[in-house]
Amino acid sequence: MTNFSIFDIVGPIMVGPSSSHTAGAVRLGKLASLISGKEIKKVQFLLHGSFAKTYKGHGTDKALVAGILKMNPWDENLRNSLDIAKEKGIKIEFSEVDLGDVHPNTVKFIITNRDNTTSEITGSSIGGGNILIFDVEGLSVEFRGDYPTLITKHKDTPGVISKITSMLYMENINIGSMKVYRNSKGSQATMVLETDNILSFDLVNKIKEIPEIQSLKVINPISNI
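Here it is, written out as structure tokens:
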């Protein structure tokens, strides 16, 4: 049986008509920005389902951009997010697409950074301001941004995960959840690991030094909004 808090039912404090189309959209944008982790030059928002149908009328466009700018749903400047993004030199594009068999409130972010690297993140606003990120750079993942999250791409060889978890243990950091994804044995693997504590800069650097680690992202929790 799934347990819900009163905030899941009532929804968060926010500017706008809908927790899914406003608060959830802000959280999606903020988390996508954090996953990118760089100074953003351009964002393409590929809107699916009800997001595509109502994004202007419900202000979902402004909410998504506000999230990219790391605003909160209750921020009065949310209404002006499109103008603020323009002032910051961030190019914004919206497209209506069919992303297949996914939640109707789904958006795919294609983010171009100032250094011309790109990030692709897909997630859904699932109600009450809650969100789910389920694709990062074409890899299936599943996390909500409620806890400190470590995402690694690494060579699929024995011992890599135990090296990481041993380092966390030595720092007295508890693991809340861990999922590992791979396309085939011995290929590249992706791990999404949520912890109860924020990882220190020194610890992150130690994990980066593991020879099999190919890339690493650390995403601190977005505020409970």
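Position one of the sequence shown corresponds to residue 1 (UniProt numbering), numbered consecutively onward. Just so it is clear, CB atoms sit at the ideal spot from N, CA and C, and this is done for glycine as well.
- Taking every protein chain shown into account, the CB of P73 has 16 or more other CB atoms within 10 angstroms, so this residue is buried.
- Judged by DSSP secondary structure, G123 falls outside any alpha helix (DSSP H) and instead within the beta strand (DSSP E) spanning 118 to 127.
- A residue is called buried when at least 16 other Cβ atoms come within 10 angstroms of its Cβ; N130 meets this threshold and is buried.
- Between V204 and E171, the alpha-carbon positions lie close to 11 angstroms from each other.
- Of the other Cβ atoms in all chains shown, 16 or more fall within 10 Å of the Cβ of I219; this residue is therefore buried.
- Closest in alpha carbon position to M191, among L199, G24, R182, I198, is R182.
- Secondary structure of K155 (DSSP, three-state): strand.
- Residue burial annotation: K30 is buried, with at least 16 other C-beta atoms found within 10 angstroms of its C-beta.
- Three or more Cβ pairs drawn from the segment 37 to 44 and the segment 107 to 126 lie within less than 8 angstroms of each other, which places the two stretches in contact.
- Restricting attention to alpha helix (DSSP H) runs no shorter than 4 residues, the UniProt domain "ACT" (149 to 221) encloses them at 160 to 170, 201 to 208, ordered along the chain.
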